[in-house]
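Asks:
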């Protein structure tokens, strides 16, 4: 098996229960990795993630935020600041604070597991738990909408780890 | 059978061969009905249609423009003006000039057959030839991308006329 | 004396009286030279000119459109098409159709007199009738607002032809 | 005399020297009051203030930021977070942290002195030190450019306190 790496979470906001990718099998999962002081995240990626959350039915597509602080830790690290940020920007989906590295690097654990290049990074995981998109930077709304629909309606993968899509190539299989 | 109404065309631009919906069976077809002096068409609908044409592979999704002049006929009616418009706006997909009414109304024939309310109107027809979306006004990129992908990947319809989707309701069946 | 070149007009729209630059002395004049099939004119320059017309009092700042057809003459040349265009785009300021060349060139007469490079071109003339800005392409709203205010409130020129400003240099004298 | 209220500042960023309105007499001053977690400030007001700073010569127009935290104090209050924010958003003008209230209210001192209604608030002070604009919310670029130019080029005020302009009324005196 070769599932998408599980989230390693310090703390959750906007949700009463702790979530795991495993518990979300059967649904398409979009993970928006961001930092609250990242301009591209604030201007584009987070509003786009919120639009996904309101466009697709929640029992079929789950949107999760992942606060991956890899710079300005002191400035962005507090839970209270993140909670105020989510409130002011009207972001309503569950947000996980990525667990800090235990190895002395500035890169938190989930960010490292997905080998992200920075923020924003948009990740799509299919219903079987397989990673299908892992893209740094900006994705067009039309393409993201098509990718999500193709995961909703396309053939089931086996969960056996065919990483079918790279960042730019899996729109229409 | 209950196929989407066939196009009734006075003349084609941006294509060497005359196209029919029947000849496009097996592909998803997007028809963008517009007028060259309609601000919402120019600012949003036509650039969006062009984005569809460049995002999806042409052997799976066909984009057609339909110039449906129902007002300012003298101003918008000439082929030469439309050709200049398509050139200046870098619109490269085939465009049909809707055939004028033979019954004395200002509404051209294809526009009447689809009971369009105005321009822009965005129409989606599935691979079997069945009408699946017929929407007046602006559609969000994310939703349109998802609708097209769902027609590409969703179950085949029989062509027996299940008008499965109204303007707002068929995103995820 | 070295006044800005007078307009050479084939026909006016959106005004009952024929206008001349000479008759507008004492007011700042903005001339927006455009073609109805020029995308940059439609998307940016004409809405900006309309914003000038509604932002500044009309007895102090006059906005004029100038339809300078130098390409696609057959497509853009008719008065009826231009009238429909102005109606659909809600452009309410007076618009002059630039007089065609009498010398066999495609460049109409006023466009030639101002040595315009294309469309859109934005021209500012001060209260004394002197040309103060003649810019091809896009100008930012903040800069245009500042230029107009500086002509409204700055020292009078003598009309003796000090062409004080080039396209980019006269914001603050 | 009735000068604009002096800034009451806890700490400055983006400047080596502490600034006062009194020391800036002779220049037009724009003050952008903001909070780093205020969406309208981030999306519109701060980029607009930065555009003012790069459009007008600094020896004639001075742009200052004023971080007026009146909500989410714990989230927005730290100097290190504000410094990271200014760095990430490429804001280069001097920014003052408004001094907290000494009277037990959440409203900091400068914000109270100007009777601001919230953030963003854009303030203009003329060369004589007189308050000329104090506007809550969004101002159009064209209007702000015109207001600044009119203060640069308009008649000097005496500093005797003619509050000539309300929020919407002083564009052209």
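Chains as they are written, first to last, in the numbering used here: chain A, 17 to 189; chain B, 17 to 189; chain C, 17 to 189; chain D, 17 to 189.
The beta carbon of each residue, even a glycine, is placed where N, CA and C say it ideally should be.
As the structure is a prediction and not an experimental result, all values here were calculated from the model.
#1: Residues in the same chain with beta-carbon distance under 8 angstroms from residue 115 of chain C, minus the five sequence neighbours each way, listed in chain order, please.
#2: Take residue 50 of chain D as the anchor and find which of D:120, D:168, D:92, D:166 has the nearest alpha-carbon.
#3: If the cut is a Cβ gap below 8 angstroms, which residues of chain C does residue 67 of chain B touch?
#4: Could you give the first and the last residue of the continuous alpha helix (DSSP H) run that contains residue 205 of chain A?
#5: Within 7 angstroms (strictly less), CB to CB, does residue 132 of chain B reach chain A?
#6: Runs of 3 residues minimum, wholly inside the stretch 32 to 59 of chain B: which ones carry the beta strand (DSSP E) assignment?
#7: Please go through the stretch 96 to 155 of chain C and give each complete alpha helix (DSSP H) segment of 4 or more residues, from N-terminal end onward.
#8: Within 10 angstroms of its Cβ, does residue 58 of chain C collect 16 or more other Cβ (buried), or is it exposed?
#9: Taking the DSSP output, what are the residues bridged to residue 88 of chain C?
#10: Using a beta-carbon distance below 7 angstroms, is residue 14 of chain A in contact with chain D?
#11: Apply the 10 Å Cβ neighbour rule to residue 142 of chain C and answer buried if 16 or more other Cβ atoms are within range, or exposed otherwise.
#12: Counting only beta-carbon separations shorter than 7 angstroms, does residue 88 of chain C have a partner in chain B?
#13: For residue 92 of chain C, which residues in chain B fall below 8 angstroms Cβ to Cβ?
#14: When DSSP labels each residue in this structure, what does residue 27 of chain C get in the three-state scheme?
#15: Can a CB atom of chain G be found closer than 7 angstroms to the CB of residue 104 of chain B?
#16: Do the stretch 61 to 76 of chain D and the stretch 67 to 77 of chain A touch if we need at least three Cβ pairs shorter than 8 angstroms?
#17: Evaluate residue 18 of chain A with the Cβ neighbour count: other Cβ atoms within 10 Å of its Cβ, from every protein chain shown; 16 or more gives buried, anything less gives exposed.
#18: Using a Cβ-Cβ cut-off of 7 angstroms, state whether residue 169 of chain B counts as contacting chain A.
#19: Quick check on residue 73 of chain D - is its C-beta less than 7 angstroms from some C-beta in chain A?
#20: Can the beta-carbon of residue 78 of chain B be found closer than 7 angstroms to that of residue 65 of chain B?
#21: Could you check whether the Cβ of residue 55 of chain A sits closer than 7 angstroms to any Cβ belonging to chain D?
#22: Would you kindly check if the distance between the Cβ of residue 52 of chain A and the Cβ of residue 86 of chain A is under 7 angstroms?
#23: Just how far apart, CA to CA, sit residue 32 of chain B and residue 63 of chain A?
#24: Of all the CB atoms in chain D, is at least one closer than 7 angstroms to the CB of residue 157 of chain C?
#25: Tell me which same chain residues have a C-beta within less than 8 angstroms of the C-beta of residue 98 of chain A, skipping the five on either side of it?
#26: Of all the options B:45, B:39, B:165, B:90, which has the alpha carbon lying nearest to the alpha carbon of residue 122 of chain B?
#27: Excluding the 5 residues flanking residue 154 of chain C on each side, which residues of the same chain have their C-beta closer than 6 angstroms to its C-beta?
#28: For residue 164 of chain C, which residues in chain D fall below 7 angstroms Cβ to Cβ?
#29: List the residues of chain C whose Cβ lies closer than 7 angstroms to the Cβ of residue 58 of chain B, in chain order.
#30: Under 8 angstroms by Cβ, that's how I've got residue 136 of chain C and residue 56 of chain C pegged, so tell me the actual separation to the nearest angstrom.
#31: Using DSSP's beta-bridge definition, name the partner residues of residue 62 of chain D.
#32: From what residue to what residue does the beta strand (DSSP E) around residue 93 of chain C run?
#33: Using a 10 Å radius around the Cβ and a threshold of 16 neighbouring Cβ atoms, would you call residue 96 of chain D buried or exposed?
Replies: In short:
#1: 24, 25, 26, 124, 125, 126
#2: D:92
#3: Residues of chain C passing the Cβ test: none, with the nearest at roughly 15 angstroms.
#4: Coverage of chain A is limited to positions 17 through 189, which leaves residue 205 of chain A absent and any answer about it impossible.
#5: no
#6: 44 to 50
#7: 125 to 129
#8: buried
#9: Per DSSP, none; premise fails for residue 88 of chain C.
#10: Any property of residue 14 of chain A remains undetermined from this structure, which presents chain A solely from 17 to 189.
#11: buried
#12: yes
#13: 97, 100
#14: strand
#15: Absence of chain G from the displayed structure is noted, the protein chains being A, B, C and D.
#16: no
#17: exposed
#18: yes
#19: no
#20: no
#21: yes
#22: no
#23: 42 angstroms
#24: yes
#25: 29, 52, 83, 92, 111, 113
#26: B:90
#27: 60
#28: 162
#29: 58
#30: 6 angstroms
#31: None, per the DSSP bridge assignment.
#32: Neither: residue 93 of chain C is in no beta strand (DSSP E) and is coded neither H nor E.
#33: exposed
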